[in-house]
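> Chains U and V, in that order, are what the protein sequence lines are. If you're matching positions, the first sequence starts at 1 in the numbering used here and goes up one per residue. If you're matching positions, the second sequence starts at 320 in the numbering used here and goes up one per residue.
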Amino acid sequence: MADKPTRDGFGEGLLELGKTHPNVVALSGDLEDSARAIWFKKQYPNRFFSVGIAEQDMIGTAAGLAIAGKIPFACSFSQFVTGKTLEQLRMAVCYQQLNVKVVGSHGGLSVGADGATAEALEELTVMRSLPHMTVVVPCDALEAKRATIASADYSGPVYLRLGRSPVPIMTKETDPFQIGRANVLRSGDDVTIVACGVMVYHALQAAEQLAKEDIQARVINVHTIKPIDRPALVAAAKETGAIVTAEEHTIVGGLGGAVAEVVVQTHPVPMRFVGVQDRFGTSGDPAELLKAFHLMPDDIVKAVKDVLKLKQSALGSRL
Amino acid sequence: MTIAPRPNVSALKQVAVELRQTILRTIARAGSGHPGGSLSMVELLIGLYWYKLRHDPARPTWPDRDLFLLSKGHGCPALYAVLASRGYFPNEELLTLRRYPTRLQGHPERGSVPGVEIAAGSLGQGLSMANGIALADRLDGRARRIFCLMGDGEIQEGQVWEAAMTAHHHKLESVCAIIDANQLQQNGPVKEIQDIEPLAEKWRAFGWHAIEIDGHDLAQVLKAYDEAEMLKGKPQVIVARTVKGKGVSFMELNPAWHGVAPKPDELERALKELQAVSL
């Protein structure tokens, strides 16, 4: 199947929800084309609300729609829909436990040429810190579509992070998909690679490479960062003894932090975080940026080897 | 549309005195709270809860009820006093204000007690929610009014003006904003902290129908709600000129009473002053 951006999967999912869920409505701050909500807008013009370039008002308006029984999808760039609106998301959406779906396209470095101001690299940390918020990062367009549809039937606030650049489709319709339930994409007992979003593909490639060196890596797609799948992570820690996390996001408090919070309190094992090293993004071709920021399969392989050394020395010290 | 006969204003004046006394007693009991901005909005709430609002305390979640959204959350002692007085919850519960564990939070929590429609406390957010409700109501063919009360300091928040544009753009005639223009904010007069005048003209420039009144004159308040309701095709704003700390001489227009509870002797004096007016 051809590569496709996750934002397209969202656009398709929202369009389908238009048919199946009469209460689903959408809003955008003049970015409905980028976020692919424009397909819904064209099909259901009376259920789409333009609020202008005013993200704070968009989230407040979405909260009002939810109070009156609608399921609003509020769409913009990841950075703007979470960054400008933190106070609105906190009080109007999360504190009131409203059924608002916050959709951020252009998450991570895959924005590319537009540069740092539009490249959301910290929002997963911030979103998962909000009580009642659910955080979902689909790995491909199909998963994005399924996550969109699932989020409409999932009560309460959800943040959905999407990407701009095409990524390979690696999931299948027949795969299970449930918000909060991680999927093991490859089995292995030497080490676990936990990834989300575009990094899932890189994790699978890294696992291929490692297999050639007789290292069997388990790959887990943690599409839901909150609530995180604790049993899957605890099992990975116990059964593989070492974990590498991989995310197109800062290593400060994102997927890596969420996994570590579970692991260190249940079954501590050596960990390594592959991600953006506490810095802003920059302009460039997305593929180029993923290399420059050390988010490639090779970087995961290197982290796996590092963490395996720690695992070995930990085992050695126990002898 | 026919407008119901307006109630007798002199009876409502007595209600205002009692509400002000209740507000001060509950804040004094809590030991903290915002008396100034609670006292300034009393007549505006009376005009709604004793006249304009289609509501039923026995059925607080009645789907077709009119909605009152308190955006200036620090004024909640006034809302709580009104709701208790109308029978939404027992009067005795007012004494739990701000005391753990209580349903009467220092700033309102949505649904914590019947009649509290939204959370507030982070200023500037209520009008956006009012707009969202109005948009949903339009889709559902539900005819009801949505009132949103804001402070004059509050409208320095940029989100208010984003929402003002949205209400105008979508012609949300069911939305009625009320501004309790009590002249003061936490650190001093609004005109010194950041001037927001000319208020009515600003809202008119944003496409709203603006009605300017004396917000303590009940006859004007009731009339303004009627005028707003009759207006079609655009949102309405009632710019209510009020006095922060209204009814208590030593609190009126004194910034020191923005967020301080009266001590027992101060409470005593305030209650007496209010009583004298009602006699």
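Just so you know, even glycine gets a beta-carbon here, dropped at the ideal spot from N, CA and C.
Checking contacts by CB at 7 Å: is SER390(V) closer than that to chain U?
No, SER390(V) lies away from the interface with chain U (no Cβ there is under 7 Å from its Cβ).
> Taking C-alpha atoms, which residue in ASN573(V), ILE342(V), ASP536(V), VAL435(V) lies nearest to ALA400(V)?
Among ASN573(V), ILE342(V), ASP536(V), VAL435(V), the Cα nearest to that of ALA400(V) is on ILE342(V).
> Taking only runs of the alpha helix (DSSP H) that begin and end inside the segment 69-103 of chain U, which ones reach a length of at least 4 residues, in chain order?
Runs of the alpha helix (DSSP H) inside the segment 69-103 of chain U: 78-83.
> Per the contact definition of three or more C-beta pairs closer than 8 Å, is the segment 476-496 of chain V in contact with the segment 440-458 of chain V?
Yes, the segment 440-458 of chain V touches the segment 476-496 of chain V.
> Please list the residues of the segment 108-134 of chain U that have a C-beta atom closer than 8 Å to any C-beta atom in chain V, keeping them in chain order.
Of all residues in the segment 108-134 of chain U, none has a Cβ within less than 8 Å of some Cβ in chain V.
> Please determine if the segment 298-315 of chain U and the segment 208-218 of chain U are in contact, where contact requires at least 3 C-beta pairs separated by less than 8 Å.
Cβ pair count under 8 Å is three or more, so yes.
> Taking any Cβ of chain U, which residues in the segment 473-492 of chain V have a Cβ under 8 Å from it, in chain order?
So the list reads GLY477, GLN478, GLU481, ALA482, MET484, THR485, HIS488, HIS489, given in the order they occur along the chain.
> Using a C-beta cutoff of 7 Å, does ILE67(U) count as contacting chain V?
ILE67(U) counts as touching chain V.
> Could you pull the start and end residues of the beta strand (DSSP E) that GLY470(V) belongs to?
Its beta strand (DSSP E) spans residues 465-470.
> Could you tell me the alpha carbon to alpha carbon distance between ALA260(U) and VAL222(U), rounded to whole angstroms?
Computed Cα separation, rounded: 13 Å.
> What first and last residue would you give for the alpha helix (DSSP H) that runs through MET170(U)?
From DSSP, MET170(U) is part of no alpha helix (DSSP H); its letter is neither H nor E.
> DSSP three-state label for GLU571(V), please.
Three-state DSSP puts GLU571(V) in coil, outside helix and strand.
> So is ARG463(V) in contact with chain U if we call contact Cβ pairs under 7 Å?
With 7 Å as the cut-off, ARG463(V) does not count as an interface residue toward chain U.
> Classify TYR368(V): buried if its beta carbon has 16 or more other beta carbons within 10 angstroms, exposed otherwise.
That one is buried.
> For a contact defined as C-beta to C-beta under 8 Å, what are the partners of ASN46(U) on chain V?
Simply LEU458.
> Mind listing the chain U neighbours of LEU367(V)? Cutoff is C-beta to C-beta under 8 Å, in chain order.
The premise fails here: LEU367(V) is roughly 18 Å from chain U at the closest Cβ pair, so nothing lies under 8 Å.
> So, at 6 Å on beta carbons, what are the nonlocal neighbours of THR485(V) in its own chain, with the 5 sequence-adjacent residues on each side left out?
If we look at THR485(V) and ignore the five residues flanking it on each side, its Cβ neighbours are ASN450.
> Figure out for me which residue from ILE169(U), HIS132(U), VAL264(U) has the closest Cα to the Cα of GLU143(U).
If we check each option's Cα against that of GLU143(U), ILE169(U) comes out closest.
> Return the Cβ separation of VAL184(U) and ALA232(U) in integer angstroms, given the expectation that the two are a contact with Cβ distance under 8 Å.
About 7 Å; that satisfies the 8 Å criterion.
> From the DSSP output, read off the bridge partner residues of HIS528(V).
Answer by DSSP bridge pairing, in chain order: GLN555(V).
> Measuring alpha carbon to alpha carbon, tell me which residue in PRO427(V), PRO396(V), MET448(V), PRO433(V) is nearest ALA439(V).
Ranking PRO427(V), PRO396(V), MET448(V), PRO433(V) by Cα distance to ALA439(V) puts PRO427(V) first.
> Let me confirm a value: PRO22(U) is counted as buried when at least 16 other C-beta atoms fall within 10 Å, else exposed. Which label applies?
Exposed is the call here.
> Can you pull the chain V residues whose beta carbon is under 7 Å from the beta carbon of ALA37(U), in chain order?
Under the 7 Å cutoff, chain V gives no residues; its nearest Cβ is about 16 Å from ALA37(U).
> Would you identify the three-state DSSP class for TYR159(U), choosing helix, strand or coil?
Of the three classes helix, strand and coil, the one that applies to TYR159(U) here is strand, per DSSP.
> Is VAL194(U) near VAL167(U), with beta carbons less than 7 Å apart?
No, these two residues do not count as a Cβ contact at 7 Å.
> Going by DSSP, name the residue or residues bridged to VAL263(U).
None, per the DSSP bridge assignment.
> By Cβ distance below 7 Å, which residues in the same chain neighbour VAL93(U) in space, the five residues on each side in sequence not counted?
The residues are ILE59, ALA63, VAL100, PRO157.
> In the DSSP assignment, find the beta strand (DSSP E) that holds ASP499(V) and state where it starts and stops.
Per DSSP, ASP499(V) belongs to the beta strand (DSSP E) from 494-500.
> Just list the residues that DSSP pairs PRO508(V) with in beta bridges.
LEU503(V).
> What does GLY52(U) reach in chain V if we use C-beta pairs closer than 9 Å?
Chain V residues near GLY52(U): GLU481, MET484, THR485, HIS488.
> Please report the distance separating the alpha-carbon of HIS535(V) from that of GLU55(U).
So the alpha carbons of these two residues sit roughly 36 Å apart.
> Measure from the alpha carbon of TRP311(V) to the alpha carbon of each residue in TYR407(V), VAL567(V), MET570(V), ILE346(V), then state which is nearest.
With chain V represented from 320 up to 598, any question about residue 311(V) goes unanswered, as that position is not in the structure.
> Please determine if the segment 358-376 of chain V and the segment 539-546 of chain V are in contact, where contact requires at least 3 C-beta pairs separated by less than 8 Å.
Counting Cβ pairs under 8 Å, three or more are found: they touch.
> Based on DSSP bridge pairs, tell me the residues matched to ARG186(U).
Paired residues: VAL219(U).
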